[in-house]
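Q:
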Amino acid sequence: AAAFIHTGDTVMQFKAVIAPMLIAAVGILLSIIGIFSVRTKENAKMKDLLNSLAFGTNLSSVLIVAATFFILWLLQLENWMWISCAVVVGLVVGIIIGRSTEYYTSQSYRPTQKLSESGKTGPATVIISGIGLGMLSTAIPVLAVVVGIIASFLFASGFDFDNVGMGLYGIGIAAVGMLSTLGITLATDAYGPIADNAGGNAEMSGLGEEVRKRTDALDSLGNTTAATGKGFAIGSAALTGLALLASYIEEIRIGLTRLGTIELTMPNGDVIATANATFVDFMNYYDVTLMNPKVLSGIFIGSMMAFLFCGLTMNAVGRAAGHMVDEVRRQFREIKGILTGEAEPDYERCVAISTKGAQREMVIPSLIAIIAPILTGVIFGVTGVVGLLIGGLSSGFVLAIFMANAGGAWDNAKKYVEEGNLGGKGGEVHKATVVGDTVGDPFKDTSGPSLNILIKLMSMVAIVMAGLTVAWGLFLLKI
Numbered sequence: 001a002a003a004f005i006h007t008g009d010t011v012m013q014f015k016a017v018i019a020p021m022l023i024a025a026v027g028i029l030l031s032i033i034g035i036f037s038v039r040t041k042e043n044a045k046m047k048d049l050l051n052s053l054a055f056g057t058n059l060s061s062v063l064i065v066a067a068t069f070f071i072l073w074l075l076q077l078e079n080w081m082w083i084s085c086a087v088v089v090g091l092v093v094g095i096i097i098g099r100s101t102e103y104y105t106s107q108s109y110r111p112t113q114k115l116s117e118s119g120k121t122g123p124a125t126v127i128i129s130g131i132g133l134g135m136l137s138t139a140i141p142v143l144a145v146v147v148g149i150i151a152s153f154l155f156a157s158g159f160d161f162d163n164v165g166m167g168l169y170g171i172g173i174a175a176v177g178m179l180s181t182l183g184i185t186l187a188t189d190a191y192g193p194i195a196d197n198a199g200g201n202a203e204m205s206g207l208g209e210e211v212r213k214r215t216d217a218l219d220s221l222g223n224t225t226a227a228t229g230k231g232f233a234i235g236s237a238a239l240t241g242l243a244l245l246a247s248y249i250e251e252i253r254i255g256l257t258r259l260g261t262i263e264l265t266m267p268n269g270d271v272i273a274t275a276n277a278t279f280v281d282f283m284n285y286y287d288v289t290l291m292n293p294k295v296l297s298g299i300f301i302g303s304m305m306a307f308l309f310c311g312l313t314m315n316a317v318g319r320a321a322g323h324m325v326d327e328v329r330r331q332f333r334e335i336k337g338i339l340t341g342e343a344e345p346d347y348e349r350c351v352a353i354s355t356k357g358a359q360r361e362m363v364i365p366s367l368i369a370i371i372a373p374i375l376t377g378v379i380f381g382v383t384g385v386v387g388l389l390i391g392g393l394s395s396g397f398v399l400a401i402f403m404a405n406a407g408g409a410w411d412n413a414k415k416y417v418e419e420g421n422l423g424g425k426g427g428e429v430h431k432a433t434v435v436g437d438t439v440g441d442p443f444k445d446t447s448g449p450s451l452n453i454l455i456k457l458m459s460m461v462a463i464v465m466a467g468l469t470v471a472w473g474l475f476l477l478k479i
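Numbering-wise (full-length UniProt numbering), the sequence shown opens with residue 1 and increments by one.
This is the structure in structure tokens:
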């Protein structure tokens, strides 16, 4: 987006490029302070643990806000005060997404507790309630991102919707603001699987009930922090995806120049030099409007990509799990004494099945994510690719939040019952919530997080293949 601002002023463009790098670098350092500020008492409740993590994140955010204003003032970036406000917008949106995720996935709050109660009538109602909870949980993050996009665009553009270049830069730097606390949010995200594995080790080692109780509490917190981390990642992907559109159009400019197209003839007859064309000029030149069937076709394909990708990854988990179940049953049949503890299971065989299955099953989804922007560009041209990126961004963002939050809520609903609520472990409600937890694992650990990668991968492939799209776009439609 920096290429579309201060055209001809390379010094100011350079400052615009290094500003987000400096903010991100300082953010990592200040996140360390936030990490060391996290303290908790012995036998703390879930809300106490969440509040201690929130304090560390909030402290880092306040320090980063002050550092951002200082950095942009030091660079003397044009409109630096309002661009700093765009960074603050990104931080606030990130905090809102985090709190929303916490509310919908933590067993300390009513939504997850109600999900546990739905287990009284069986696993089917647990699944239905979990899907409904996940869908409801998309409202706050989506609205927060929408407000964040508009606010950061207006702040950076000087409240001028026609100043698209600066507006897109504001959206991009808002994404930097959201991720400036990455040091602490990434740590809390990584904490989830660490706590989960600690609980598994405690159980396999035969440690006392008190140890397992503590690891369960930490594991439950880890489910919420992991969902929060995924919310941050997908929220930043939504903001970054819009900024990457500007990068894509800049690559289109380079592709046109290399093909010898030094002037653009607009629909109204005006002629504009390719080197001086603005973002809006390119949109007009390629007729990127919702009334263009090529744009609509791209939007539909992009929206479909998110669901296709999720379907492939969900089925991949099912197939790999099937192979694992077959192997476990084989070991129970052939290795006597596993259940009594007299014989050691073949752990390595199970690990090999899951590892090889994961690598093999991701080949087709990865190829589809790479090929889709290329084929769309060749068939529908630049306009089709823009539609593809917008469709994939909008549907992928909402679907990822839904899956991450639903999966986290299912997992913590089971933990809530295991704490002794609603009949406790081994009861009928617990059996129902175990089914929900099993369904939720591929939601929150596989398909949901992978959409973040899908959005960015399609954008980057489109940018890399922009020259091909310019040269061969609409090729099949011309035959």
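Even glycine gets a Cβ: it sits at the ideal position worked out from N, Cα and C.
#1: Where does Glu-203 land, buried or exposed, given buried means 16+ other C-beta within 10 angstroms?
#2: Residues in its own chain within less than 8 Å of residue 497 by CB, not counting five upstream and five downstream?
#3: Mark Met-305 as exposed unless 16 or more other C-beta atoms lie within 10 angstroms of its C-beta, in which case mark it buried.
#4: If you scan the region 56-97 from start to end, which runs of the beta strand (DSSP E) of 3 or more residues do you find wholly inside it?
#5: Gly-377 to Ala-471, Cα distance in whole Å?
#6: Considering just the uninterrupted stretch of the alpha helix (DSSP H) at Ile-254, what are its terminal residues?
#7: By how many angstroms is the C-alpha of Phe-309 removed from the C-alpha of Leu-182?
#8: Span of the beta strand (DSSP E) holding Val-271?
#9: Rounded to the nearest angstrom, what separates Pro-141 and Ser-395 at their Cα positions?
#10: Do the region 87-94 and the region 141-157 meet, that is, are 3 or more Cβ pairs less than 8 Å apart?
#11: If you draw a straight line from the alpha carbon of Ser-61 to that of Lys-414, how long is it in whole angstroms?
#12: Classify Ser-180 as buried or exposed, calling it buried when 16 or more other Cβ atoms lie within 10 Å of its own Cβ.
#13: Look at the Cβ atom of Val-126, then the Cβ atom of Gly-423, and state whether they are nearer than 8 Å.
#14: Measure the Cβ-Cβ separation of Leu-389 and Ala-462 and say whether it is below 8 Å.
#15: Helix, strand or coil for Leu-264? Go by DSSP, reduced to three states.
#16: Residues in the same chain with beta-carbon distance under 8 Å from Phe-279, minus the five sequence neighbours each way, listed in chain order, please.
#17: Tell me which same chain residues have a C-beta within less than 6 Å of the C-beta of Phe-232, skipping the five on either side of it?
#18: When burial is assigned at 16 or more other CB atoms within 10 Å of the CB, is Asp-270 buried or exposed?
#19: Does the region 74-87 come within contact of the region 33-44, defined as at least 3 CB pairs closer than 8 Å?
#20: Measure the C-alpha to C-alpha separation of Val-87 and Thr-225 and round it to an integer number of angstroms.
#21: Apart from the five residues on each side of it in sequence, which residues of its chain come closer than 8 Å, Cβ to Cβ, to Met-460?
#22: Can you tell me where the alpha helix (DSSP H) holding Ile-401 begins and where it ends?
#23: Could you give the distance in angstroms between the alpha-carbon of Leu-115 and the alpha-carbon of Leu-154?
#24: Which one of Ile-453, Gly-158 and Gln-107 has the shortest CA to CA distance from Asn-421?
#25: Where Lys-356 and Gly-311 are concerned, what is the direct C-alpha to C-alpha distance, given to the nearest angstrom?
#26: Report yes if the C-beta of Leu-422 is less than 7 Å from at least one heavy atom of the ligand NAP; otherwise report no.
#27: Please classify Val-89 as buried or exposed, where buried requires at least 16 other C-beta atoms within 10 Å of its C-beta.
#28: For Asp-219, which residues of its own chain have a beta-carbon under 6 Å away from its beta-carbon, when the five flanking residues on both sides are left out?
#29: Quick check: what's the CA-CA separation for residue 481 versus Thr-105?
#30: Let's see if you can read the secondary structure: which residues bound the alpha helix (DSSP H) around Asn-201?
#31: Using the Cα positions of Glu-361 and Val-11, report the straight-line distance between them to the nearest angstrom.
#32: Assess contact between the region 439-457 and the region 395-405, defined as three or more Cβ pairs (one per stretch) separated by less than 8 Å. Is contact present?
#33: How would you call Tyr-416, buried or exposed, if buried means at least 16 neighbouring beta carbons within 10 angstroms?
#34: Can you find the residues in the same chain that come closer than 7 Å, C-beta to C-beta, to Pro-373, ignoring five residues on each side of it along the sequence?
#35: Taking just the CA atoms, how far does Pro-365 sit from Phe-70?
#36: To the nearest angstrom, how far is the alpha carbon of Ser-129 from that of Val-439?
A: According to the data block:
#1: exposed
#2: No information on residue 497 is available, as it lies outside the stretch 1 to 479 that the chain covers here.
#3: buried
#4: Not a single unbroken stretch of the beta strand (DSSP E) spanning 3 or more residues falls wholly within the region 56-97.
#5: 10 Å
#6: 209-258
#7: 26 Å
#8: 271-273
#9: 14 Å
#10: yes
#11: It is roughly 33 Å from the alpha-carbon of Ser-61 to the alpha-carbon of Lys-414.
#12: buried
#13: no
#14: A contact, by the Cβ cut-off of 8 Å.
#15: Residue state, collapsed to three classes: strand.
#16: Phe-4, Val-164, Gly-165, Leu-168, Ala-246 and Ile-249
#17: Gly-94 and Thr-185
#18: By the neighbour-count criterion, in which a residue is buried when 16 or more other Cβ atoms sit within 10 angstroms of its Cβ, Asp-270 is exposed.
#19: no
#20: 23 Å
#21: Leu-244
#22: Counting along the chain, Ile-401 sits inside the alpha helix (DSSP H) bounded by residues 363-418.
#23: Their Cα atoms are separated by approximately 40 Å.
#24: Gln-107
#25: 20 Å
#26: Looking for the ligand NAP in the displayed structure turns up nothing, as the structure carries no ligands at all.
#27: buried
#28: Excluding residues within five positions, the ones whose Cβ falls inside 6 Å are Ala-195, Asp-196 and Gly-199.
#29: Missing from the structure shown is residue 481; the chain here goes from 1 to 479 and no further.
#30: Start and end: 182-204.
#31: 47 Å
#32: yes
#33: buried
#34: Val-385, Leu-388, Met-458, Val-461, Ala-462 and Met-465
#35: Roughly 44 Å separates the two Cα atoms.
#36: 13 Å
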